[in-house]
């Protein structure tokens with residue numbers, strides 16, 4: 012969202028950022044170009060502590076809707092009351108997961124735009140929601156809550172409430188913005204534009220490339236920039252970067268297998284192990300002998316400046332959970348991927364990385380050090396990995412083309428500004 016805010020601000024728009032405690036900026040003073048306004052979320056402490064994204068969203072929706080969006084409406088009224096000192100509010104851009112937003116916006120006379128931070132392919136699955144009803148998959152019986160959906164193999168029925176909310180929000184909005192670009196998902200975007208009931212569908216991604224700043228600076232974790240100095244000392248395309256994002260986690264036995272798989276691969280690696288990312292371990296808990304085994308060729312850090320890392324010439328591969336931001340950032344820098352998806356859209360992103368774009372492959376089944384070592388060698392040494400890298404470089408060129416003056420993403424962001432000013 013901040014990446015889009017940066018792109019809009021660069022084109023002369025004033026941006027106010029409404030946020031809950033879950034995505035509060037660690038230091039709003041570092042972004043003086045934006046006005047930050049907190050919104051009470053009503054999520055119980057026990058749910059918030061679970062860190063389960065779906066449960067938190069469900070609780071947030073329930074709390075806001077129980078109040079008939081009154082709290083959020085009050086925040087919007089307060090923002091609008093400041094218009095004597097602030098420019099006129101044209102619309103609200105939100106991520107479609109909170110139905111309280113369009114209802115509160117309608118109550119104060121504001122239009123809405125939806126930003127989808129997942130892929131166009133993922134949104135295409137949301138559009139299949141009516142078909143799932145028609146075929147009797149929805150509403151599901153409790154006993155079938157986790158049953159695979161044949162038409163949508165990577166998805167599970169337990170996501171039904173989130174899917175329904177997202178589609179309702181989009182269909183009632185004045186436009187849809189998807190963080191992708193035309194050359195990456197042409198068929199998916201064509202289908203969305205032809206079937207969706209709203210007239211404005213724009214693809215100005217990768218948004219992090221349109222931003223004038225590294226918007227990963229909004230992370231609540233401090234990034235270790237010393238890792239860039241370490242990368243400077245490594246040969247070109249020799250380092251495997253390993254990061255499973257800000258939410259995904261490993262079991263303690265998986266953590267040990269990853270550690271030894273990296274150690275025995277023989278390749279330099281930069282491994283992000285954020286606090287709390289290993290279930291069952293209070294600290295890092297590296298196995299005996301691991302640090303000695305990787306001395307000089309492996310570096311473990313708590314959090315990385317990921318965009319800079321992926322852009323570094325020493326990085327030759329990325330072992331990722333395939334969140335969409337990470338996937339787009341890797342594509343943007345021409346870095347092939349080892350994929351280990353865990354939830355939400357990550358399975359679909361992995362499928363596209365492997366089957367549609369051919370720039371990576373999935374480690375399936377249980378994590379085992381021998382399997383991990385083999386996967387790393389496949390990506391970093393073997394011909395198959397080299398071919399993935401060649402295709403990744405071609406996608407990087409397409410990213411550069413869409414960002415040029417007159418490129419599809421530049422045109423899309425200009426159209427978005429025009430659309431906002433017309434509301």
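Residue numbers (this note's numbering): 12 to 434.
Quick reminder that beta carbons are idealized off the backbone N, C-alpha and C, glycines included.
- Message: Give me, in chain order, the residues of the same chain whose beta-carbon lies closer than 6 Å to that of residue 24; leave out the 5 immediate sequence neighbours on both sides.
- Response: Your numbering for residue 24 matches position 13 in the chain shown. Excluding residues within five positions, none has a Cβ falling inside 6 Å.
- Query: What is the rounded straight-line gap between the Cα of residue 372 and the Cα of residue 98?
  - Reply: To locate residue 372, count along the chain shown from 1; it is residue 361. To locate residue 98, count along the chain shown from 1; it is residue 87. Roughly 48 Å between the two C-alpha positions.
- Rank 391, 332 and 393 by C-alpha distance to the C-alpha of residue 364 and give the top, closest one. Working through the chain shown from its first residue, we reach residue 364 at position 353. Out of 391, 332 and 393, 332 has the C-alpha closest to the C-alpha of residue 364.
- Task: Determine the closest residue to residue 409 out of 240, 396 and 197, with distance taken between C-alpha atoms.
- Result: Against the chain shown, residue 409 aligns to sequence position 398. Residue 409 has its Cα closest to that of 197, out of 240, 396 and 197.
- Mapping DSSP to helix, strand and coil, what is residue 278? Locating residue 278 in the chain shown gives position 267, where the first residue counts as 1. Coil at residue 278, not helix or strand.
- 4 or more residues per run - each alpha helix (DSSP H) lying fully within the segment 86-148: 111-118, 131-137 and 140-145
- Query: Do the segment 76-95 and the segment 109-116 meet, that is, are 3 or more Cβ pairs less than 8 Å apart?
  - Reply: yes
- Message: Excluding the 5 residues flanking residue 165 on each side, which residues of the same chain have their C-beta closer than 7 Å to its C-beta?
- Response: Within the chain shown, numbered from 1, the residue matching residue 165 stands at position 154. Note on residue 165: pLDDT 49, under 50, position unreliable in the model; the coordinate value appears next. Counting only Cβ-Cβ distances below 7 Å, and skipping sequence neighbours, we find 358, 359 and 362.
- Item | 8 Å contact criterion, which residue 399 and residue 327 should meet: CB distance rounded | In the chain shown, counting from the first residue as 1, residue 399 sits at position 388. In the chain shown, counting from the first residue as 1, residue 327 sits at position 316. Contact doesn't hold; Cβ gap of about 11 Å is too wide.
- Item | Reduced DSSP secondary structure (H/G/I, E/B, other) of residue 209 | One-based indexing of the chain shown puts residue 209 at position 198. Note: residue 209 maps to coil in three-state DSSP.
- How would you write the range of the alpha helix (DSSP H) that residue 381 sits in, first residue to last? The count along the chain shown starts at 1 and reaches residue 381 at position 370. Segment 380-391, the alpha helix (DSSP H) holding residue 381.
- Task: Using 6 Å as the cut-off, classify the Cβ of residue 216 as near or not near the heavy atoms of the ligand COA, replying yes or no.
- Result: For the ligand COA, the structure offers nothing, since it holds no ligand at all.
- Please classify residue 57: is it buried, with 16 or more other beta-carbons within 10 angstroms of its beta-carbon, or exposed? Looking up residue 57 in the chain shown gives position 46. By the 10 Å Cβ count, residue 57 comes out exposed.
- Task: Using DSSP bridges, identify the partner residues of residue 262.
- Result: Here the question's residue 262 lines up with position 251 in the chain shown. Looking at the DSSP assignment, residue 262 forms a beta bridge with 290.
- Query: Looking at residue 250 and residue 279, is the spacing between their C-beta atoms short of 7 Å?
  - Reply: Residue numbering aside, residue 279 sits at position 268 when the chain shown is read from its first letter. Residue numbering aside, residue 250 sits at position 239 when the chain shown is read from its first letter. Yes, Cβ-Cβ distance for residue 279 and residue 250 is below 7 Å.
- Message: Quick check: the segment 267-285 against the segment 379-386, are at least 3 beta-carbon pairs closer than 8 Å?
- Response: yes
- Kindly confirm or deny that the segment 411-423 and the segment 295-307 touch, where touching means at least three C-beta pairs closer than 8 Å. no
- Could you give the residue range of the beta strand (DSSP E) that holds residue 374? As a first step, residue 374 is located in the chain shown; it is residue number 363 there, counting from the start. From DSSP, residue 374 is part of no beta strand (DSSP E); its letter is neither H nor E.
- Can the beta-carbon of residue 458 be found less than 7 Å from the beta-carbon of residue 48? Lying before the first or after the last residue shown, residue 458 is absent from the chain, which here runs from 12 to 434.
- Considering only residues of the same chain and omitting the five flanking positions on each side of residue 239, which have a CB-CB separation below 8 Å? Taking the first residue of the chain shown as position 1, residue 239 is located at position 228. Taken in chain order, the residues that qualify are 316, 319, 320 and 323.
- Bridge partners of residue 330, per DSSP? Indexing the chain shown from 1 puts residue 330 at position 319. Answer is 253 and 349, bridged to residue 330.
- Query: Going by alpha carbons, who is nearest to residue 91 out of 27, 379 and 45?
  - Reply: For the purposes of this step, residue 91 is taken as the residue at position 80 of the chain shown. Out of 27, 379 and 45, 27 has the C-alpha closest to the C-alpha of residue 91.
- Message: Using the Cβ count rule (16 or more neighbours within 10 Å means buried), how would you classify residue 229?
- Response: As a working mapping, residue 229 is identified with position 218 in the chain shown. Any reading at residue 229 needs caution, since the residue's pLDDT is 47, under 50, leaving its predicted position unreliable; the model's value is listed next. The residue in question, residue 229, is buried, as its Cβ has 16 or more Cβ neighbours within 10 Å.
- Item | Bridge partners - residue 312, DSSP secondary structure assignment | For this step, residue 312 is matched to residue 301 along the chain shown. 283, per the DSSP bridge assignment.
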